[in-house]
Amino acid sequence: MSRRVSIFIYVITAVFFAFFFAYPIGHTVKEAFIGADGGITIGYFVELFQNPIYVEGLINSFYMGLFTTILALAIALPLALLSNRWQFPGKSLLNSLILVPLILPPFVGALGVRQFLGQSGVLNSFLIDLGMMEANAPFDWLGEGRLFGIVIMNALHLYPIAYLNISAALANLDPAMDEAAENMGCHGIRRLFRITFPLIMPGMFAGATIIFIWSFTELGVPLIFDFSRVTSVQIFEGIKDLSGNPFPYALVVVMLVATVMFYLIGKALFGRENMASSGRASTGRVLQKASPLVATVCIGAFMLVTGIAVLPHIGVVLLSLSNDWYQTILPTALTGQHYTDALGHPLTLNSIGNSLKYASLATGLDLVLGVAVAYVVVRTKLPGRQLLDAMAMLPLAVPGLVLAFGYLAMTREGQPFDFLILGENPIVILVIAYSIRRLPYVVRSAAAGFQQTSVSLEEAAQNLGCHPIKAMGKVTLPLITANLIAGGLLAFSFAMLEVSDSLILAEQQQHFPITKAIYALISSLGTGPNLASALGVWAMVFLAITIVGAGLILGRKLGALFRV
Amino acid sequence: MVSIRIRGLVKRFGDVVALDHLDLDIEAGELFFLLGPSGCGKTTLLRSIAGFHIPEAGEISFDKQDVTKVPPHKRETAMMFQSYALWPHLNVFKNVAFGLEERRVRKPEIKRRVEGALAMVKMQGLGNRKINELSGGQQQRVALARALVVRPRCLMLDEPLSNLDAKLRIEMRSEIRRICKDFGLTAIYVTHDQKEALSMADRMAILDGGKIAQIGTPEEVYRRPQTALVAGFVGETNLIPGTVQFESNDHLYVSTPLGDIVGQCSVPNWSPEPNEKVILSVRPECLSIHTTPPVQNAMKGYLKESIYLGETAQYSLLAEGLDELIHISELNPRRVIRETNEPFFATARPEDIVILPAP
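So the sequences go chain by chain: A and B. Read the first sequence against my numbering and you will find it ends at 606, with the numbers running on by one and no gaps. Read the second sequence against my numbering and you will find it ends at 1763, with the numbers running on by one and no gaps.
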């Protein structure tokens, strides 16, 4: 492609990012530092850190992020090690099943958890049936340890990201590294700590970063668990009276600074990049055939984790099917009514249509931008192309909540971008928000495609008289279709599930996307939770198909999509 | 140092038989080479001796001790990997010290021995370097130091020079041989480079299809190959099919498409009967080229190509009744024959013509 076209792509992307990434963040930061008199002040931050409620929120958020990350790694690491070493029956199936939890919006799962652990939930009913608990004094599991509940919920949702990253890091490790250690007399756990872990640390860190940022700013789950003592919820609630209240701005800035700080500290501690393996691998990794005992352990571990992780999903399915489920282990009466109701309810039917519309438009925008950016980064020698790459990956490192808040702030009445809200319709800003957030996945998969496809294939076409742009269309794009489909599917399904942007930016009922509709239904009385569950199940079924499709197409490379 | 004894070793990967009831004895202090075409099982054999593969059947002993079931970290072998497998998160010193730390050697002793090992491979003073700051040759020497510093019972080298450029490779050949001999190490060296094997080995084994095709010193293997495969794999050769006529005074008279040829047979426990099909192997440098028919072993053909290489001249003859060209290599040529498509005669002494069983 000509240099002019490359520069054009570069400029367009840079402008897009300047307006819809840098500007909203900058605007929020600016608001946080401008006092009532219009002068610059740090007064809000001083006040914020003196307010015990906000300080507690920040500490809780930090714990939420930290413990979720540790728990997710603790779940994923042993599984990845087992899968990297042993060949056992049903492995490929178990390997895909283990990823399933990623597809459920965790805050719908939280609804299921509430059904299990609530005061009149399944666990208490079970314990009462066993005679281990007084029926009139049920224990409040979630009330006593809500942060704990949120951490478990988040970890069970996010561990697949750690699993994919660690698996990819292990797969890239030259098996001779481990063999050399064995050969020198270093074995078992000792070898893991001396050789394997240090070498896969960058991959592990990449996964951990995403999980930390994700859970540190998680909004949906604490909202469902009614746990308002975390910063994300405090920001969400502060939005209701944004005019004249500077604290949400200040909180967002603190959150952003904290994210960047944790990332840099982590990078300095664990993310050193000198781990690139030297030389070429002498032997392919040969998986050992597991003995019956080891196979049982492997299968058991995979089934156990998957089983526990899908419990909330099962809860949601049961909830969506139940007519009456209160103080019993299983629902007393089942019905398919909610599914038909869910599709008949004006709110839900509308929201499905809206989400499809928003997500498809966002995915389309992502594909165009992603292919263009990946092309410039991989195939041209344009100075500053690495910067473009870094820029396109940045949305992974910035909490969705921060961006969503920024969009809200910059499209308020009287702001320069308020024209993007077309008469209360948030479609433009939502599509932009979704696409910015998911662009990294598409750029990564497209870039992987370009890297795998030798440039000489295109040159051969040009050599035979084909115009460069036509050559790309006729040769390269067809070859990287699989990558584009996979990246697009991921972008699409995550857009369908997006929480922060959807909850914050969609204000009118007729414009609600699925997630906001579910949130609205949960909060409503009567069969609301059942309807919300039914809608959640529709979303699950739909997304299961897309993720499994992406997994089949990309295989192990799926892990590369979740790296900063 | 140990002697190594292998009996009836079998290793399968799925349906592929990598090692097929293989027997082998390696003597203590010997620099032993495993050679063969790719897929012959030589790396599998090496890795089985190191313990990375558990054989389906058979036995491996170090001295008199059966180690077949001993895991790799307890075998006290030291392997030098083809990719070197230097750990990038540790510096040069830490890489070399690793095996000593695992053996619970005391700190000052570790320092002394690591520095000694680095000096031996001419890497002294580079202990603080990171692995990715080293050139390929330096990495190779660190890998060698790491293997040697633990004073292994057996040193294993898996194509250790394959990533180096030609000049460095020749330098390192004599370096590795010197170090092995200085330490009196039993060493097993896998390569597919026959020059490396011929120039370094005490003895070598040529593997084919998971079995040993021949064992011997470099001279034995080169001068007296026992199968057509060995003859073709170690060095170049001309293979000519024929039928035995009779035997006389240790010489076999064989009729071939080129006429009657006299040669010798040195395959143990095999003396071909008259009318048995055989293969004749003649090295190009054993053949000489003439314009008039020689008295014995005259092979008539038409000159197809002549190449002058300075120290040698190489000729290709097209002989009637033979599909392949006959290659002749003349050392120190005074004059190169350029008259292509003219008839010429090649000949060789009977003791340079090796008679092998037809496959």
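Heads up, the beta-carbon is just placed ideally off N, CA and C, and yes, glycines get one too.
Limits of the alpha helix (DSSP H) - the one that residue i falls within
i                : result
P290 of chain A  : F289 to F312
A122 of chain A  : P94 to R127
F235 of chain A  : Here F235 of chain A belongs to no alpha helix (DSSP H), and DSSP marks it neither H nor E.
D1586 of chain B : A1570 to F1587
A1489 of chain B : No alpha helix (DSSP H) holds A1489 of chain B; DSSP gives it neither H nor E.
V1414 of chain B : No alpha helix (DSSP H) holds V1414 of chain B; the beta strand (DSSP E) holding it covers I1408 to F1417.
F633 of chain A  : The shown model of chain A, from 43 to 606, leaves out residue 633 of chain A, and the question about it has no answer.
N388 of chain A  : As written in the sequence, residue 388 of chain A is Pro, which differs from the Asn given in the question. Where P388 of chain A is concerned, the enclosing alpha helix (DSSP H) stretches over P388 to R421.
F181 of chain A  : From DSSP, F181 of chain A is part of no alpha helix (DSSP H); its letter is neither H nor E.
Proximity test, Cβ basis, 8 Å: residue i and chain A
i                : result
F1437 of chain B : no
A1554 of chain B : It should be noted that the sequence gives Val, not Ala, for residue 1554 of chain B. It does; some Cβ of chain A falls within 8 Å.
P1476 of chain B : yes
F1456 of chain B : yes
G1503 of chain B : yes
E1506 of chain B : yes
Delimiting residues of the beta strand (DSSP E) encompassing residue i
i                : result
K1704 of chain B : M1703 to Y1712
E1463 of chain B : A1461 to F1466
G262 of chain A  : From DSSP, G262 of chain A is part of no beta strand (DSSP E) but of the alpha helix (DSSP H) over G262 to I266.
I1683 of chain B : K1681 to V1686
P1761 of chain B : V1758 to P1761
Test item: CB-CB of residue i and residue j under 8 Å
i                : j                : result
Q330 of chain A  : R188 of chain A  : no
L1722 of chain B : V1594 of chain B : no
G262 of chain A  : P148 of chain A  : yes
G151 of chain A  : H199 of chain A  : yes
L1423 of chain B : P1459 of chain B : yes
I253 of chain A  : T405 of chain A  : no
A118 of chain A  : A204 of chain A  : yes
L521 of chain A  : G412 of chain A  : no
V1406 of chain B : F1466 of chain B : yes
L472 of chain A  : D543 of chain A  : yes
T259 of chain A  : G85 of chain A   : no
I556 of chain A  : A581 of chain A  : yes
A559 of chain A  : T390 of chain A  : yes
S1670 of chain B : R1628 of chain B : yes
V418 of chain A  : A489 of chain A  : no
I1757 of chain B : G1667 of chain B : yes
Strand pairing of residue i, partner residues [DSSP]
i                : result
M1608 of chain B : B:F1437 and B:G1620
D431 of chain A  : In DSSP, D431 of chain A forms no bridge with anything.
C1558 of chain B : B:T1481
T1448 of chain B : Looking at the DSSP assignment, T1448 of chain B forms no beta bridge with any residue, so it has no partner.
Y201 of chain A  : DSSP output for Y201 of chain A lists no bridge partner at all.
G448 of chain A  : In the DSSP output, where bridge partners are listed per residue, G448 of chain A has none listed.
K1534 of chain B : B:N1495
Y1657 of chain B : B:F1650 and B:V1666
A1723 of chain B : B:G1705
V1420 of chain B : B:F1417
E1734 of chain B : B:A1717
D1805 of chain B : This structure leaves residue 1805 of chain B out entirely; chain B is present only between 1405 and 1763.
Q330 of chain A  : A:W128
P1747 of chain B : B:Y1706
Neighbour flag for residue i against chain B, beta carbons, 8 Å
i               : result
S48 of chain A  : no
A332 of chain A : no
Contact test: residue i Cβ vs the ligand SAM heavy atom, cutoff 7 Å
i                : result
R1533 of chain B : Among the components modelled here there is no ligand, and therefore nothing to report on the ligand SAM.
*May I ask you to list, following chain order, the residues of the segment 213 to 240 of chain A that have a beta carbon less than 7 Å from some beta carbon of chain B?*
Taking 7 Å as the Cβ-Cβ cut-off against chain B, the residues of the segment 213 to 240 of chain A that qualify are D216, A218, M219, E221, A222, E224, N225, M226, G227, C228, H229, I237 and P240.
_Selection of the segment 1479 to 1494 of chain B by Cβ proximity to chain A, strictly under 7 Å_ = T1481, A1482, M1483, F1485, Q1486, S1487, Y1488, A1489, L1490, W1491, P1492 and H1493
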